Every structure is written in C-alpha cells, then in structure tokens.
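Count along the sequence shown from 1, then add 1; that gives the number in my numbering.
Step one of this worksheet: look at the structure below.
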Amino acid sequence: MKYVPLGDSGIVVSQLCFGSLTVGPLQANLPVEEGAEVISYAFSRGINFIDTAQYYENYRYIKLTDDIIISSKTYAYNRAQAIDAVEEARRELNRDSKRDYVDIFMLHEQESIHTLRGHMEALEYLFEAKEKGIIRAVGVSMHHVAAVEGVCELKKRGYPINCIHPIYNMLGIGIADGTVSEMVCAMTKAKDLGIGIFSMKPLAGGHLYNRAAEAFDFVLACNAIASVAVGMQSIAEVDANINYFESLEKMAFDNLNKVKRRLFIENYCSGCGNCVKRCGQRALRIKDSQAQVDIDRCVLCGYCAKVCELFAIKVL
C-alpha cells in the first residue's frame with residue numbers, strides 16, 4: 002500500500018481510504034460485528050485511513066484504538082453544535098488516553114464561500130479544537146466546485162484549513178455545479194495552497210462498477226489527489242480494491258460479483274417530499290404522490306433515507 006502526506010496537515014495516509022458509509026444504517030446496515038470485521042480486515046491489509054461522519058451514525062463500527070487515521074464530518078453551523086459533534090466522536094470512537102483526539106474533523110457537504118461563512122462559528126471552533134490537540138486537522142467536504150474555490154479563498158486569507166474531501170469521478174456524476182475539468186482546476190489550486198485532498202465517489206455511486214479499473218485509473222491520474230475514499234461492505238470488495246491499488250492489477254475485479262446497488266423506494270411512500278428537500282443531487286422528485294429517483298443523478302449516498310419518516314427508502 003502506498004502512503005502519502007495529506008497536504009500540510011502532517012498526517013500520512015494510505016492512498017486507499019475506507020469509505021465507511023456503505024457498512025452502516027444508511028446503506029448496507031450490516032450487523033455491527035460484521036461491519037467491524039470488514040473494517041478491521043481492511044486495516045490488517047494496510048489501509049490506515051477511514052472516512053466517516055456524524056450523520057452516518059456508524060461510529061460503533063469503527064471503535065478502534067489502533068494507529069488508524071479517522072476523518073469525521075459534521076453539519077454543525079454554530080459553536081455548541083460543533084463542540085457536541087467533536088465530543089460525540091471522541092466518546093463513541095473510544096479513543097484511548099494516548100490518542101484522545103480525532104485525526105481530521107470536517108464541515109460536511111459545503112456548497113460555496115457563502116455556506117462556509119454561514120458555518121464560520123463551527124469552523125472557528127474546529128480551529129480552536131486543533132490548537133487544543135482535540136483534533137489534528139480541519140477540513141471541508143463538498144459536492145460543489147464553488148466550495149473548493151471557497152476553501153481556497155479562506156486559505157489565502159489565513160484560515161488554517163488542512164484538507165478537503167470533494168466528489169470526483171470520470172463521469173462527473175455528483176458534481177453539483179460544474180464539470181470534471183472545473184473540479185480538477187479547483188483541486189489543483191487547493192493542492193498548490195498546501196491543502197490535502199482525498200476524493201470520494203470514484204465509482205460514481207455504483208454507476209461505474211462495470212468499469213472499475215478504468216474509473217480508478219482516471220482518479221489516480223489526478224496529481225492533486227492524495228487518497229481516494231472507496232465504499233466497501235465485504236471482505237471480497239476490500240481484497241479487490243486493495244489488490245488494485247497495490248498492484249494496479251487490471252483483472253482485480255473480474256472475480257468479484259459486483260451487484261450494482263440502487264435506491265429503492267417502497268410503494269407505501271407517502272410523497273411527503275422530505276427526501277426531495279434533502280437530496281443535494283436533485284435526483285428525487287414527487288410524482289403521482291410518490292417519490293421517484295433519477296438514477297443518472299443519484300450517487301447512492303443514502304442521506305434521503307435518514308429523513309424518511311416511514312423508512313420507505315433503502316439502498317439495496
């Protein structure tokens with residue numbers, strides 16, 4: 002496994018990051034013991050970096066005190082919410098006395114300099130927490146090119162943002178406000194400012210399963226990206242992804258029975274519209290009193306499932 006510095010953060014991470022969204026309640030909803038086994042196996046094979054979030058509600062799968070780099074995220078927009086988010090992560094991740102901190106803490110799903118300003122109170126607390134040693138690095142995740150540009154603007158003004166977590170894949174699926182080339186341009190600016198970049202959704206939420214090697218080749222060819230977060234929910238997936246990242250083995254995925262995941266909406270959906278409001282990809286709409294999904298826009302984040310009061314939405 003290749004290990005690389007994450008910008009100016011002082012943190013060295015594996016080029017392959019374990020995207021933990023897939024094991025938890027918003028997607029596969031594996032039993033905790035099963036999900037934890039998949040994660041532990043990935044770490045035993047050389048991955049040292051995992052991405053999670055307060056919203057995912059999956060800290061219990063990750064409860065580890067090993068020398069593992071953990072990145073989490075929060076939607077907090079004020080100081081009190083940010084304090085609660087950081088302390089929840091420290092508590093639920095069961096960090097030991099020697100590592101009583103979270104390695105990276107990020108603002109979740111920012112859209113532009115304007116949303117960053119709207120979350121500035123929370124961001125200021127993350128900077129403070131870094132100074133206290135409660136977290137090691139401060140970051141921002143995003144699906145918008147404008148958010149990458151916004152982080153660059155703040156960095157130029159002296160705000161100590163260490164890393165970003167943007168969406169990036171060869172089809173540009175999930176980039177909410179621009180093209181693949183525009184995202185590359187923005188990420189390159191960020192890298193030049195010392196901002197570490199670990200990208201998400203290289204397989205475009207499942208759209209590129211049948212072209213996985215090509216899709217990974219595309220992302221790894223981007224010099225701005227240090228690490229790539231890939232969702233994994235089985236030991237077979239872990240093996241296939243690690244084998245590819247370690248050896249660029251073109252046939253690494255041939256023996257893996259990849260079933261393309263999809264967003265499934267039960268017929269008892271009430272058409273309340275909560276999912277439509279929550280979807281940052283504009284992939285959902287209400288038609289004939291029920292939610293419907295545009296599969297070409299959906300990136301299978303599962304965020305909509307969390308706001309469905311009838312539990313009518315699932316990622317299968």
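Beta carbons are placed, not taken as given, at the ideal position from N, Cα and C, and that holds for glycine.
Computed from a predicted model, the values in this text were never measured in an experiment.
Is residue i buried or exposed, if buried means 16 or more other CB atoms sit within 10 Å of its CB?
i	result
P6	exposed
L204	buried
L301	buried
A83	buried
T53	buried
A222	exposed
C36	For clarity, residue 36 is Gly in the given sequence; the question names Cys instead. Answer is buried; the Cβ neighbour count reaches 16.
With DSSP collapsed to three states, give me the class of residue i.
i	result
T23	helix
K3	coil
K64	coil
G197	strand
D9	helix
D297	coil
I48	coil
A187	helix
F246	helix
I69	coil
Do residue j and residue i come within 8 Å of each other at the CB atom, strictly closer than that value?
i	j	result
M201	H145	no
L22	G232	yes
G197	S72	no
L108	V141	yes
N59	P32	no
L127	L117	no
E110	G303	no
F19	I70	no
V323	Y169	No answer is possible for residue 323: the residues shown for the chain start at 2 and end at 317.
A81	Q55	no
H208	L172	yes
How close, in whole Å, do the beta carbons of residue i and residue j come, if the pair is a contact with beta carbons under 8 Å?
i	j	result
G274	I287	5 Å
V139	I162	6 Å
L317	R279	With 8 Å as the limit, L317 and R279 do not qualify as a contact, their Cβ atoms being about 19 Å apart.
G8	C164	5 Å
M2	E238	Not a contact, Cβ separation roughly 16 Å.
Y62	I40	6 Å
I226	M188	7 Å
Jot down the residue ranges of each uninterrupted beta strand (DSSP E) in the region 88-175, minimum 3 residues, whole runs only, in chain order. 103-111, 136-143 and 164-167
If you scan the region 202-244 from start to end, which runs of the alpha helix (DSSP H) of 4 or more residues do you find wholly inside it? 213-221
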